[in-house]
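Engineer:
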Amino acid sequence: MLSLSFFLTFGLVAAETGINAWLRYAPLPSAMSHPTLPASIVALNTSANSPVDTAGLELQKGISSIFGKNLTIASHSSTSASIVVGTVSEYASAYGQSPKTPQLENDGFWLNTTGPSVQILGQNERGALYGAFEYLSMLAQGNFSKVAYASNPAAPVRWVNQWDNLDGSIERGYGGNSIFFTNGLVVNTTDRVSQYARLLASIGINGVVVNNVNANSSLLSPTNVAGLGRLADAFRPYGVQVGISLDFASPTEGLVYGNLSSYDPLDAGVISWWQNVTDTIYRTVPDFAGYLVKADSEGQPGPLTDNRTLADGANLFANALKPHGGILMFRAFVYNDMINETDWKADRANAAVQFFSGLDGKFADNVIIQIKYGPIDFQIREPTSPLFAYLQNTSTAIELEVTQEYLGQQCHLVYLPPLWKTVLDFDLRKNHQPSLVRDIITGKRFNRPLGGSAAVVNVGLNDTWLGSHLSMSNLYAYGRLAWNWAEDPEAILEDWTRLTFSPDPTVIQTITNLSMSSWPAYENYSGNLGIQTLTDILYTHFGPNPASQDGNGWGQWTRADGKTIGMDRTVSNGTGFSGQYPQEIMEMYENITTTPDNLVLWFHHVNYTHQLHSGETVIQHFYNAHYAGAETAQTFPTQWEGLQGKIDAERYNETLFRLTYQAGHSIVWRDAITRFYHNLSGIADSQSRVTHHPWRIEAESMKLEGYMPYTVSPFETASNNTAIVTSSNSTMGTASAVLTFPNGTYDVGVNFYDLLGGQSKFNLNINNDFVGQWTADNVETGRLGHAPSVYLDGHSATRVTFRNVTIKKGDRLEITGTPDGIEPAPLDYVVFLPKGVVD
Ligand code: GCU
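Residue numbers -15 to -1, 1 to 824, in mature numbering (1 follows the signal peptide of the UniProt record, and there is no 0), belong to the letters of the sequence shown in order.
(1) Do Val103 and Pro23 have their CB atoms nearer than 8 Å?
(2) Apart from the five residues just before and just after Gln355, which ones in its own chain have a Cβ nearer than 6 Å to its Cβ?
(3) Output needed for Arg430: all residues of its chain with C-beta closer than 6 Å, excluding positions within five of it in sequence on either side, in chain order.
(4) With a threshold of 7 Å on Cβ separation, who are the neighbours of Glu283 within its own chain once the five nearest residues in sequence on each side are excluded?
(5) Does the distance between the C-beta of Glu283 and the nearest non-hydrogen atom of the ligand FAD fall short of 7 Å?
(6) For Ser163, count the other beta carbons within 10 Å of its own beta carbon; 16 or more makes it buried, fewer makes it exposed. Which is it?
(7) Determine the direct distance from the alpha carbon of Phe661 to that of Glu701, and round the result to whole angstroms.
(8) Taking C-alpha atoms, which residue in Ala722, Pro679, Gly228, Glu575 lies nearest to Asn705?
(9) If you drop the 5 nearest sequence neighbours on each side, which residues of the same chain put their C-beta closer than 6 Å to that of Tyr375?
(10) DSSP has Lys688 in a bridge; who is on the other side?
(11) Let me check understanding here. Comparing Cα to Cα, which of Ser35, Thr676, Lys46 lies closest to Ser25?
(12) Taking its Cβ as the centre, do 16 or more other Cβ atoms sit within 10 Å of Met17, making it buried, or is it exposed?
(13) Between Asn750 and the ligand GCU, is there a pair consisting of the residue's CB and a ligand heavy atom that are separated by less than 7 Å?
(14) I need the DSSP call for Ala708, collapsed to helix, strand or coil.
(15) Thinking Gln565 and Pro371 are a contact (beta carbons under 8 Å), I'd like their distance in whole angstroms, please.
(16) Can Arg681 and Val735 be called in contact, C-beta distance under 8 Å?
(17) Helix or strand or just coil, what does DSSP make of Asn558?
(18) Mind checking whether Phe220 and Val198 have CB atoms under 8 Å apart?
(19) Based on the DSSP output, what are the partners of Ala440 in its beta bridges?
(20) Just checking, does the region 460 to 469 make contact with the region 166 to 180 on the three C-beta pairs under 8 Å criterion?
(21) Report yes if the C-beta distance between Ser380 and Leu435 is below 8 Å; otherwise report no.
(22) Kindly indicate the opening and closing residues of the alpha helix (DSSP H) around Phe363.
(23) Using the C-alpha atoms, what's the distance from Tyr248 back to Ala281?
(24) Per the DSSP calculation, Trp95 is bridged to which residue(s)?
(25) Who are the Cβ neighbours of Ala532 in its own chain at under 8 Å, not counting the five residues just before and after it?
(26) Please state whether DSSP places Asn789 in a helix, a strand or coil.
(27) Taking 7 Å as the cut-off, is the beta-carbon of Asp362 closer than that to any non-hydrogen atom of the ligand GCU?
(28) Taking the alpha helix (DSSP H) that Asn748 belongs to, which residues open and close that run?
(29) Does the Cβ of Glu390 lie closer than 7 Å to at least one heavy atom of the ligand GCU?
(30) Hey, Leu586 and Gly515: beta-carbon distance below 8 Å or not?
(31) Under a three-way DSSP split, which group does Ser380 fall into?
(32) Using the C-alpha atoms, what's the distance from Phe817 back to Gln744?
(33) Pick out whichever of Asn137, Leu114, Ile68 has its Cα sitting closest to the Cα of Pro87.
(34) Using a threshold of 7 Å, is the CB atom of Val442 nearer than that to any non-hydrogen atom of the ligand GCU?
(35) Less than 7 Å between C-beta atoms, sequence neighbours within five positions excluded: which residues of the same chain meet that for Ala(-1)?
(36) Starting from Ser78, follow the beta strand (DSSP E) in both directions and report where the run begins and ends.
Pasting the structure below:
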């Protein structure tokens, strides 16, 4: 049992920016027993900047930071007790005997702490570095147990993708600008690149694709290829190989190496053009990982232009890479984004299997097909992509998204591994045999030599990397899972919390509670029953806008009308998508009675009054889930407040700010979605919550001076469809009301809109007494990094809350708003919340 004084020490920690993430190596509290460690480190036969060299330095730094002990580093064997790190073969030659390790696979390691010396031996140098990080992770968590085990990765490809543009912006990035590029060029200073490499190596990641899949051929210019050399030099000491995304049409763009008239993958000129480019890259980056290609997708060029197959396209690059040992990751995200919703059988979900039909086995053996987890696009819940079962003679990798594009953009806490697990642990029952997705991508199920995973991460220059401290658990967990998909997401989270914040059990329990309830909560308040994340798919992908799903060619349809909702993807009457699965799975989804509730609207088109297995109707489930999800999110800030003093003030406050924002924005989501479907279906909420807000005062019903009503679009993103804006962009407005609520103490929430392009100021008084003030500047200051909006809508709608305000009936509430730039100090409503009420 740990003493009280042990935990009190946690209150004293200095402010932290988050830049070291889970590699802080915080000093262990003195009350914790410390192990007897060897006095020296032996890093076997290292050359400067090799992974084993890095391992030695990392062990030295980590042990000094955790225990205040300074260990020396030698590069030759020693007879005294030491921490020995190196490859198995270097160990054998240095010590004159082979270590007693089981057979290790590529990148695997052996960790033995049972003797006076500690052995950290890798199958290769990279493996040795991974072992060193594993040992340090144990020490940093106060785990000094005697262990001797081998650890091997689940798959050879454990990559991350960055969607960084050469101008320094990042597509779907919410943590600042690129650490790799600025102004069209690779950066000169690579400190942040090295720090990222360190983070990635510590979780077993061995490859990084540094630029956007929507690629730009100027990355191939001689200056930028030299720049790639700099990036590779920064990644190499950590065993991370660099790859790049390619623009399929590069040969015709005239930016580098001449201008061809076509990019036909079977054209001899095109083939030698790419061979030349590839050879040039390998001269600068001899350990270059390979290419990632997005072709014939969302306007990107590809082989289909020349009536060639996707396999022809992929093999073009694979053949160029092959002599150098490189890999070609070819994305399965190929679809037509102009399909016609009036065609009942049209279905974007069908695209991947259709486009790859007939191509299984036609890809070169260094090609890996990189498949998003679901058939559409990183939604809150999707069924497993059937392509995983379709490709048996082709290597595959799963594509995940750490960056929370459709899932709150790091402004909402959503711990993603439980979502990923719904796909990775899914059994596709190919040929009636167990066929877990995780066994398919790791090559085990179909005996493939290559395979693995890639996660779109999109870290940026922000000190927190992703924009939010808590979101980093997703990156950490991705690496841990890519190494071993069978790991438990909750156990990973606990390790991450111990390393990132504190071993204090209250901290671990709170962050576990928050994180493990976060994905279910987000699903509840964003999109239920497999209908997808009901966000604005045409604009920011952030806030609610259910109408944007339908009536366009993107194919993320809900087919909602006044009576019915959902996509009929059955073979018998719908798009036939369920028929792309192996028979047992097809039969389950084909039949509504065996389709799980959480995917019913993905596979079936039903009445709002259809009764689910749960006994609820679809529409009542929508209402209940949205209220439940938002209610859970309301507890996030208060749960976090229990950690005050147990976490440094900087990370405590920044996280509290985000969780408070999430609580407010979850109400925006809840109200928008429930009101949208209430309006569409005309069916009342059996609990009479939807459209009934007894504790609100609508801004438009207040006495307005210098303010005027404004009809918001989409309507459901304003309470009662209407907000108020100042009558001019330069003059202050005032909204006032006499309070009729019973005397008492309330939390007062004010819903307003925070647009990009202005920093309006607000002031809230009751009876001329100051209650609070705030500025709508979260997007301009970057305090919230989500994609911004220049409109009053579900992205800009937000809430500020003032706690414990005592009022009497008859008091006068007054809000003044001072507009700024294009932002007319927009207000939606004020809500007086008695204790325990969520509205
Ligand atoms: C999504 C995302 C795009 C991205 C695309 C892809 O559609 O919104 O930004 O380019 O996926 O994965 O290629």
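Note that the Cβ used here is the ideal one computed from N, Cα and C, for glycine as well.
Structural biologist: According to the structure data:
(1) Yes, they are a contact pair.
(2) Listed in chain order, the non-local C-beta contacts of Gln355 below 6 Å within the same chain comprise Met314, Arg316, Ala382, Glu384, Ala439, local neighbours out to five positions each way being set aside.
(3) Once the five neighbours on either side are set aside, the close Cβ partners of Arg430 are Ser420, Asp424.
(4) Non-local beta-carbon contacts of Glu283 in its own chain, meaning distances under 7 Å to residues more than five positions away in sequence, involve Asp322 in chain order.
(5) In terms of ligand content, the structure shown lacks the ligand FAD and carries the ligand GCU instead.
(6) Per the 10 Å Cβ criterion, buried.
(7) One C-alpha to the other measures close to 6 Å.
(8) Checked all of Ala722, Pro679, Gly228, Glu575; the closest Cα to Asn705 is Pro679.
(9) Excluding sequence neighbours, Tyr375 sits near Val338.
(10) Residue pairing by DSSP places Lys688 opposite Ser721 in a beta bridge.
(11) The candidate whose alpha carbon is nearest that of Ser25 is Lys46.
(12) It is exposed - the Cβ of Met17 has fewer than 16 other Cβ atoms within 10 Å.
(13) Because no heavy atom of the ligand GCU lies under 7 Å away, the Cβ of Asn750 does not count as near it: no.
(14) Note: Ala708 maps to strand in three-state DSSP.
(15) Right, their Cβ atoms sit about 4 Å apart.
(16) Against a cut-off of 8 Å, the Cβ pair of Val735 and Arg681 comes out as no contact.
(17) Note: Asn558 maps to coil in three-state DSSP.
(18) Contact: no.
(19) Val145, Leu385.
(20) Touching, no, given that fewer than three Cβ pairs across the two stretches are closer than 8 Å.
(21) Note that the C-beta distance between Ser380 and Leu435 is below 8 Å.
(22) For Phe363, there is no enclosing alpha helix (DSSP H), as DSSP marks it with neither H nor E.
(23) According to the sequence shown, residue 281 is Asp rather than Ala. The straight-line gap from Cα to Cα measures roughly 13 Å.
(24) Trp95 pairs with Leu106, Ala135.
(25) Short of 8 Å from the beta carbon of Ala532, and not among the five residues preceding or following it, lie these beta carbons of its own chain, in chain order: Phe661, Pro699.
(26) Reduced to three states, the DSSP call for Asn789 is strand.
(27) Flag set: Cβ of Asp362 near the ligand GCU.
(28) Segment 746 to 751 is the beta strand (DSSP E) holding Asn748; no alpha helix (DSSP H) there.
(29) Using a cutoff of 7 Å, the CB of Glu390 counts as near the ligand GCU, since one of the ligand's heavy atoms is closer than that.
(30) Going by C-beta atoms, Leu586 is nearer than 8 Å to Gly515.
(31) Correct three-state label for Ser380: strand.
(32) When the Cα atoms are used, Gln744 and Phe817 turn out to be separated by approximately 25 Å.
(33) Measuring from the Cα of Pro87, the nearest candidate turns out to be Asn137.
(34) Because no heavy atom of the ligand GCU lies under 7 Å away, the Cβ of Val442 does not count as near it: no.
(35) The answer, listed in chain order, is Asp633, Ala634, Glu635.
(36) Taken as a continuous stretch (DSSP letters only), Ser78 belongs to no beta strand (DSSP E), being part of the alpha helix (DSSP H) at 73 to 80.
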